[in-house]
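Taking the numbering used here, the leading residue of the sequence shown gets 5, the next gets one more, and so forth.
Ideal Cβ placement from N, Cα and C applies to all residues, glycine included.
Written out below as structure tokens is the structure these notes cover.
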Amino acid sequence: MPFIVEEFNKLPNLNLKLSKYMNIKKYFLKNIFSIKILSKKIKFKLKFWIKKTFFFNMLKKLLFFFKNKKNILQQHFTHKRKERTILFYKKKYNIHTLLETGTYQGEMIMAMLNHFNKLYSIELSISLFEKAKEKFKNNKKVQLFQGDSGDILQQILVKIDTPCLFWLDAHYSKGITARGLLETPIIKELENIFQRKNINDVILVDDARCFNGTKDYPTIENLRKYVLSKNNNLEFKISGDIIRICHKI
Ligand SMILES: C[S@@+](CC[C@H](N)C(=O)[O-])C[C@H]1O[C@@H](n2cnc3c(N)ncnc32)[C@H](O)[C@@H]1O
5 MPFIVEEFNK LPNLNLKLSK YMNIKKYFLK NIFSIKILSK KIKFKLKFWI KKTFFFNMLK
65 KLLFFFKNKK NILQQHFTHK RKERTILFYK KKYNIHTLLE TGTYQGEMIM AMLNHFNKLY
125 SIELSISLFE KAKEKFKNNK KVQLFQGDSG DILQQILVKI DTPCLFWLDA HYSKGITARG
185 LLETPIIKEL ENIFQRKNIN DVILVDDARC FNGTKDYPTI ENLRKYVLSK NNNLEFKISG
245 DIIRICHKI
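Shown next as structure tokens:
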């Protein structure tokens with residue numbers, strides 16, 4: 005019996021503790037919503053500022069590189085091989101003017117800048133053309149044009165009387181690239197070039213693998229027949245995914 009009394013006497017104290025606990029709980033539940041909103045706002049602002057930092061951008065680029073390193077490296081080495089091919093023909097035929105169709109991001113123009121006296125490039129996409137224009141705005145050797153190379157090549161060629169090295173690379177290739185009426189303007193480009201009758205011109209056509217008779221591409225055999233019908237003294241050969249059309253020397 006004395007034990008029960010003793011326990012009973014402790015009860016008010018326990019009640020007090022319970023009510024304190026309930027009050028805290030009530031306060032917390034009442035404010036949890038606003039706490040959540042506040043933490044969301046802070047998180048959002050933090051994310052925004054972190055994303056703006058140089059370090060974050062570097063990290064993003066590094067992650068992208070490691071995720072796609074196989075493709076990036078392959079593209080890099082393929083482009084380097086194409087650059088070496090252009091330089092080989094430049095040297096062999098002693099040509100100082102480069103005319104490219106399909107500027108894209110100006111990578112080839114940039115790589116050839118120190119090797120040619122004059123560089124022309126045509127791009128169909130207005131946004132790619134504007135970006136390239138900005139990139140080469142301080143270089144007087146470079147002249148860029150916007151439009152379908154099949155249509156505007158003629159206007160450019162009438163002003164050039166020196167031998168040209170043609171890098172024909174205009175075609176639709178997904179992503180941000182443009183598409184004209186046809187996936188490739190190659191036949192119209194060649195028609196314009198063959199009107200020049202400049203025997204020292206060299207024509208290099210990229211992506212030989214695409215010439216299989218589908219998507220507006222002629223087959224390699226039909227292209228060969230067409231080229232030789234224009235001039236049967238020309239050499240027509242394919243190596244490393246590049247079609248090479250030049251005079252025998
Ligand atoms: C493979 S990319 C060119 C890459 C560039 N020559 C290089 O070596 O760095 C092809 C480009 O041709 C452009 N293009 C597509 N059709 C075209 C056309 N009819 N006339 C001119 N450019 C065209 C695309 O927008 C794209 O930028």
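N-terminal and C-terminal residue of the beta strand (DSSP E) that residue i is part of
{"i": "Ile242", "result": "238–243"}
{"i": "Ile247", "result": "246–251"}
{"i": "Ile180", "result": "Premise fails: Ile180 is in no beta strand (DSSP E) and is neither H nor E."}
{"i": "Ile207", "result": "206–209"}
Own chain, CB closer than 6 Å to residue i, minus 5 neighbours either side, in chain order
{"i": "Leu186", "result": "Asp220"}
{"i": "Ala182", "result": "Leu128, Ser129"}
{"i": "Phe198", "result": "Lys234"}
Residue i: CB within 6 Å of a non-hydrogen atom of ligand 1
{"i": "Asp173", "result": "yes"}
{"i": "Met112", "result": "yes"}
{"i": "Asp155", "result": "no"}
{"i": "Pro189", "result": "yes"}
{"i": "Ile126", "result": "yes"}
{"i": "Asp152", "result": "yes"}
{"i": "Gly106", "result": "yes"}
{"i": "Leu77", "result": "no"}
Beta-carbon contacts of residue i that lie in its chain and below 8 Å, excluding the five residues immediately before and after
{"i": "Met5", "result": "Note on Met5: pLDDT 47, under 50, position unreliable in the model; no value is reported."}
{"i": "Glu111", "result": "His83"}
{"i": "Thr107", "result": "Ile113, Ser125, Ile126, Glu127, Leu132, Phe133, Ala136, Leu148"}
Cα-Cα separation between residue i and residue j, rounded to whole angstroms
{"i": "Asn226", "j": "Ile190", "result": "13 Å"}
{"i": "Leu117", "j": "Leu42", "result": "55 Å"}
{"i": "Ile99", "j": "Ala212", "result": "23 Å"}
{"i": "Asn237", "j": "Phe69", "result": "47 Å"}
Residue interval of the alpha helix (DSSP H) (run including residue i)
{"i": "Phe198", "result": "190–198"}
{"i": "His119", "result": "Taken as a continuous stretch (DSSP letters only), His119 belongs to no alpha helix (DSSP H), as it is neither H nor E."}
{"i": "Glu87", "result": "73–97"}
{"i": "Ile224", "result": "224–234"}
Every unbroken beta strand (DSSP E) inside the segment 148–174 [3 residues or more]: Counting whole runs of 3 or more residues, the segment 148–174 contains the beta strand (DSSP E) stretches 168–172.
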